[in-house]
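The structure appears below as structure tokens.
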Amino acid sequence: GAGVSQSPSNKVTEKGKDVELRCDPISGHTALYWYRQSLGQGLEFLIYFQGNSAPDKSGLPSDRFSAERTGGSVSTLTIQRTQQEDSAVYLCASSLESYTEAFFGQGTRLTVV
Amino acid sequence: SQQGEEDPQALSIQEGENATMNCSYKTSINNLQWYRQNSGRGLVHLILIRSNEREKHSGRLRVTLDTSKKSSSLLITASRAADTASYFCATDGGPRDTNAGKSTFGDGTTLTVKP
Chain A
182 GAGVSQSPSN
192 KVTEKGKDVE
202 LRCDPISGHT
212 ALYWYRQSLG
222 QGLEFLIYFQ
232 GNSAPDKSGL
242 PSDRFSAERT
252 GGSVSTLTIQ
262 RTQQEDSAVY
272 LCASSLESYT
282 EAFFGQGTRL
292 TVV
Chain B
40 SQQGEEDPQA
50 LSIQEGENAT
60 MNCSYKTSIN
70 NLQWYRQNSG
80 RGLVHLILIR
90 SNEREKHSGR
100 LRVTLDTSKK
110 SSSLLITASR
120 AADTASYFCA
130 TDGGPRDTNA
140 GKSTFGDGTT
150 LTVKP
């Protein structure tokens, strides 16, 4: 596809369950970002992948959060033992390289009940 | 903590008026970008201004950057009802900054343009 694709669009899960969120970046983009946005708030940085460099995980809120980027393309954000405070929209973005325009997916709305 | 802070938090104007939103940041930057978000989902990139630029235009948008004051402004001229959205600034740190390569966002300004 032409844009960043995220799946699922919406996810409702029970507290304590694990969830996986997927992001397909634009082909050829070396940088990939995950952000989290709570209702009415700004974007909270989670993790950043750039090429083959070690990812910048400084924004992950706890060790229940992890992310991988396989083959420099698709990325998966995993949240283990979900909590209600994890409920938010999770946004993925990619850019051709660092310091350039980022293209965002439509996000995954996660609801933990 | 967020690098950029937008001001005001909310702005309501009549169609045809100009809208000005401001962004302040704390540390040195490589560039600053403005994004628009409709309905709380994906963001759309509006304009990027580099740290060595002072002003940039794109259609009805005008962005200024004052690195001495660590601030930027976004001006939307001749606003339309369709401009109703949230607007965010995002800053990319320099290569030796802790925010190097990644954009950090403020909480945004919610703009409402009344027809």
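Chains A and B are the protein sequences, given in the same order. Counting from 182, one number per residue, gives the positions in the first sequence under the numbering used here. Counting from 40, one number per residue, gives the positions in the second sequence under the numbering used here. We put the CB at the ideal spot given by N, CA and C, even for glycine. Every value quoted in this text rests on a predicted model; they were computed, and no experiment measured them.
{"query": "Is any beta-carbon of chain B found at less than 8 Å from that of residue 288 of chain A?", "result": "yes"}
{"query": "Quick one: which unbroken beta strand (DSSP E) runs of 3-plus residues sit fully inside the region 234-275 of chain A? Chain order, please.", "result": "246-250, 256-260"}
{"query": "How big is the Cα-Cα spacing for residue 216 of chain A and residue 194 of chain A?", "result": "19 Å"}
{"query": "Taking a cut of 9 Å between CB atoms, which residues from the region 196-223 of chain A lie near chain B?", "result": "212, 214, 216, 218, 220, 221, 222, 223"}
{"query": "Relative to the C-alpha of residue 150 of chain B, which candidate in B:45, B:44, B:49 has its C-alpha closest?", "result": "B:49"}
{"query": "What are the partner residues of residue 89 of chain B, as DSSP defines its beta bridges?", "result": "B:70"}
{"query": "Give me, in chain order, the residues of the same chain whose beta-carbon lies closer than 6 Å to that of residue 201 of chain A; leave out the 5 immediate sequence neighbours on both sides.", "result": "257, 259"}
{"query": "For residue 214 of chain A, which residues in the same chain have their Cβ closer than 6 Å to its Cβ, ignoring the five residues on either side in sequence?", "result": "229, 274"}
{"query": "Could one say the Cβ of residue 226 of chain A lies closer than 8 Å to chain B's Cβ atoms, at least one of them?", "result": "yes"}
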